[in-house]
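Just add 24 to the spot in the sequence shown (first one is 1) and you have this note's numbering.
The beta-carbon is built from N, C-alpha and C at its ideal position, and this holds for glycine as well.
As structure tokens, the structure follows; a few thoughts come after it.
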Amino acid sequence: MTFERFRYLMLDCHFSILGSAPLVDLLAGSAAGAAAILPTYPMDLARTLLAYQVVDTKTSLKNGSDSIISQPRYTSTRNVLASVYREAGVRGLYRGLGPTLMGILPYAGLRFCVYEELKRHVSEEQHKSIVMSLSCGAMAALIGQTITNPLDVTKRQMQVENMQDGNTRHKNTWKGISTIVSKQGWRQLFAGLSVNYLKIVPSTAIGFTTYDLMKVWLHIPPRQKKKSASAA
């Protein structure tokens with residue numbers, strides 16, 4: 025929704041100086057990515073903390089002896105959000121937002137830009153093809169994820185660093201990247217890339233395809249036709 029709205033504003037309202045696609049698609053996609061991530065980021069933080077947590081705690085057995093067992097620090101999403109808020113306030117709920125935005129802006133922008141650009145090189149008759157939409161969406165996700173994976177790795181490490189030793193090692197995004205490279209090697213910036221391919225590529229391809237198919241089934245005219253109708 026936000027991509028279409030930003031695109032319309034840039035083309036038809038106050039930003040005509042930007043020209044037409046693909047620059048507009050890149051900027052509108054970046055803006056749409058930021059608009060989508062801001063209200064949902066605390067949930068992403070909670071997911072990461074729940075996934076990576078495991079701390080050693082001492083519990084007392086019935087016979088009075090002590091035993092060290094591994095128990096989770098957080099019990100639910102609500103518990104995560106409440107705990108983080110008590111420890112660091114609203115700012116804590118957005119820990120790692122910097123690299124997230126730095127990653128989502130080029131990723132979302134490239135994803136929309138590549139997808140729309142690939143579609144422009146396909147005949148209009150093929151726009152309704154599911155295979156075409158899946159192929160364009162997969163290529164868009166592949167390019168976007170490869171370029172932005174280092175920022176995703178940095179974001180995850182910034183989110184969980186307080187769980188590891190209580191000290192904030194990554195003061196900002198660039199400091200985080202340089203620390204990872206110096207201590208873990210540059211290959212670490214691409215850790216999990218193959219897993220992300222398996223998750224993100226099909227997810228994005230299916231998302232774009234479903235979106236285009238729904239526009240067809242709901243009889244929403246193509247952008248060029250809508251613009252011609254408005255002019256008329």
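By the Cβ test, the segment 159-168 is in contact with the segment 127-139, since at least three Cβ pairs between them sit closer than 8 angstroms.
Going by beta carbons, Lys179 and Pro130 fall outside the 8 angstroms limit. When the Cα atoms are used, Met238 and Val219 turn out to be separated by approximately 29 angstroms. For Trp198, the uninterrupted alpha helix (DSSP H) segment begins and ends at 197-208.
With 16 or more other Cβ atoms inside 10 Å of its own Cβ, Arg31 counts as buried. Here the C-alpha atom of Gly120 lies approximately 15 angstroms from the C-alpha atom of Ile204. Taking a 10 Å sphere around the C-beta of Pro245, we find fewer than 16 other C-beta atoms and assign the residue as exposed. Close CB contacts of Met163 within its chain, under the 7 angstroms cut and outside five residues either way in sequence, are with Val138, Leu142 (chain order). In the structure shown, the three-state DSSP call for Tyr131 is helix. Taking the CA atoms as reference points, Ile171 sits about 24 angstroms from Met67.
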